Every structure is written in structure tokens, then in C-alpha cells.
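Below is one structure; the comments refer to it alone.
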Amino acid sequence: MKKWAIYVVLCILTPAIVKAQAVVADSVHMTSKKKVPKVQYGVASFYHNKFEGRKTANGEIFSQKKLTAACNTLPLNCWVRVTNIRNNRSVILRITDRMHPLNKRLIDLSHAAAKTLGYTGHGLTRVKVEYLGKTKPVELNLMEQPAQP
Numbered sequence: 151m152k153k154w155a156i157y158v159v160l161c162i163l164t165p166a167i168v169k170a171q172a173v174v175a176d177s178v179h180m181t182s183k184k185k186v187p188k189v190q191y192g193v194a195s196f197y198h199n200k201f202e203g204r205k206t207a208n209g210e211i212f213s214q215k216k217l218t219a220a221c222n223t224l225p226l227n228c229w230v231r232v233t234n235i236r237n238n239r240s241v242i243l244r245i246t247d248r249m250h251p252l253n254k255r256l257i258d259l260s261h262a263a264a265k266t267l268g269y270t271g272h273g274l275t276r277v278k279v280e281y282l283g284k285t286k287p288v289e290l291n292l293m294e295q296p297a298q299p
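Below is the structure:
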């Protein structure tokens, strides 16, 4: 009899508990939107080759040849301009992945992006990261258009 009573109580209360947890999760998710910093300074590294072909946080397959990066302080699928402070070279790329939460670096770039910035021989460099928004920058669209005769 006791087992039956416990079973009935659990069947009645479980949907209410699950619904309450879902409401709390939704409210936390909706209120956790942080203001995105427009400019950040920090240390950049670049991905190890072992990540080639693996899925990124946004579901895409990582390629060292693409201009992408991992960052914990910027939203996924946003566009940023990364400038190497040592030589003033810059590149526009998209944030597609996250780094380990304990990683102290600001951004982790693909090999193509690191090569564009000119620091593949050093491993690390100081950078300025400028948030450009969620839409593809107009200057990239202009560069991709074929030359008009």
C-alpha cells in the first residue's frame, strides 16, 4: 500500500516539478543576456591541428583554412576584427567556437587567421578585438564581389 501511495504522489508531482524547472531555466536564459563589449584587448593563440574536422560549438566543422575563432566573451556567429598589436595587421572573422572555461586567453584563431596576422611563428600575440555585429560586414561583401569590366 505504501509503495502504491508513493507511486501516485510521484506521478502527480513530477510534471509540476519539471514544469517549474523549465520556467526557471527559461527565465535564467532570458535574463542572462550580457552587453557585448565593443573593444577588448588580450592574448590570442591559434588552434592546434588536432581540432581539424571536429564540430565547433555552433555545429560547423572546424577547418584551419577558414577565418574563424573561438572566444568565451563574444556571442557565437558574430563578426569581429582582430588586430595584432605588434604589427598592426588585422583580419575580419567569425566566432564559431568556445574555449575551455579556465583558458585565460581572449581568443583562439584558426591557422589562416593567425597567418594573416603574422604570428604563427610566435604562438601567442597581443590583440585588439572589435565586435562588428551579427551580420556579415559590408566590407567583406565588397571584397567577395567579382571585378566589373
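Numbered according to the numbering used here, the sequence shown spans residues 151 to 299.
By construction, the Cβ of each residue, glycine as well, lies at the ideal position given by its N, Cα and C atoms.
For clarity, every value in this text was computed on a predicted model and none was experimentally measured.
query: Quick one, which of L226, F201 and F212 has its alpha-carbon nearest T285's?
result: As a first step, residue 285 is located in the sequence shown; it is residue number 135 there, counting from the start. Checking every option, the nearest Cα to that of T285 belongs to L226.
task: Tell whether a beta-carbon distance below 8 Å holds between T233 and K188.
output: For the purposes of this step, residue 233 is taken as residue 83 along the sequence shown, with counting starting at 1. For the purposes of this step, residue 188 is taken as residue 38 along the sequence shown, with counting starting at 1. Cβ distance not < 8 Å, so T233 and K188 don't count as in contact.
field: Neighbour-count burial assignment, A172, 16 or more Cβ in a 10 Å radius
entry: Counting from 1 along the sequence shown, the entry for residue 172 is found at position 22. Low confidence applies here, because A172 scores a pLDDT of 41, under 50, leaving its location unreliable; read the following figure in that light. Looking at its Cβ environment, which holds fewer than 16 other Cβ atoms inside 10 Å, A172 is exposed.
message: Suppose the cutoff is 7 Å on Cβ atoms and the five residues either side in sequence are ignored; what does the same chain contact list for R248 look like?
response: Walking along the sequence shown from the start, residue 248 turns up at place 98. Contacts found: A207, A220 and N222.
field: Cβ-Cβ distance between R244 and T266 below 8 Å
entry: The sequence position of residue 244 within the sequence shown is 94, counting from 1. The sequence position of residue 266 within the sequence shown is 116, counting from 1. Result no, Cβ atoms of R244 and T266 do not sit closer than 8 Å.
message: Between Q190 and L256, how many whole angstroms is the CB-CB distance? I'm expecting something under 8 Å.
response: By one-based count along the sequence shown, residue 190 stands at place 40. By one-based count along the sequence shown, residue 256 stands at place 106. Confirmed, about 6 Å.
query: How would you label E289, buried or exposed, when you count the other beta carbons within 10 angstroms and need 16 or more for buried?
result: The sequence position of residue 289 within the sequence shown is 139, counting from 1. The residue in question, E289, is exposed, as its Cβ has fewer than 16 Cβ neighbours within 10 Å.
query: Is the beta carbon of A264 less than 8 Å from the beta carbon of F196?
result: Locating residue 264 in the sequence shown gives position 114, counting from the first residue. Locating residue 196 in the sequence shown gives position 46, counting from the first residue. A contact, by the Cβ cut-off of 8 Å.
- request: Check whether the Cβ atoms of T275 and Y281 lie closer than 8 Å to each other.
  value: Counting from 1 along the sequence shown, the entry for residue 275 is found at position 125. Counting from 1 along the sequence shown, the entry for residue 281 is found at position 131. It is not a contact, given that the beta carbons lie outside the stated cut-off.
Inter-residue Cα distance where the pair is R231 and P251: In the sequence shown, the residue the question calls residue 231 occupies position 81. In the sequence shown, the residue the question calls residue 251 occupies position 101. Near 22 Å, if we compare the C-alpha coordinates of P251 and R231.
query: Can you round the beta-carbon distance between I235 and P287 to whole angstroms, since I take them to be within the 8 Å contact cut?
result: On the sequence shown, position 85 is the one that residue 235 refers to. On the sequence shown, position 137 is the one that residue 287 refers to. At roughly 21 Å, the Cβ-Cβ gap does not stay under 8 Å, so I235 and P287 are not in contact.
- request: Could you tell me which residues DSSP pairs with Y269 in its beta bridges?
  value: Locating residue 269 in the sequence shown gives position 119, counting from the first residue. Per DSSP, none; premise fails for Y269.
field: Secondary structure of V306, DSSP reduced to three states
entry: Not covered by the structure: residue 306. The range shown for the chain is 151 to 299.
- request: Would you tell me roughly how many angstroms separate the C-alpha atoms of A194 and G209, rounded to the nearest one?
  value: As a first step, residue 194 is located in the sequence shown; it is residue number 44 there, counting from the start. As a first step, residue 209 is located in the sequence shown; it is residue number 59 there, counting from the start. Rounded to whole angstroms, A194 to G209 spans 23 Å at the Cα level.
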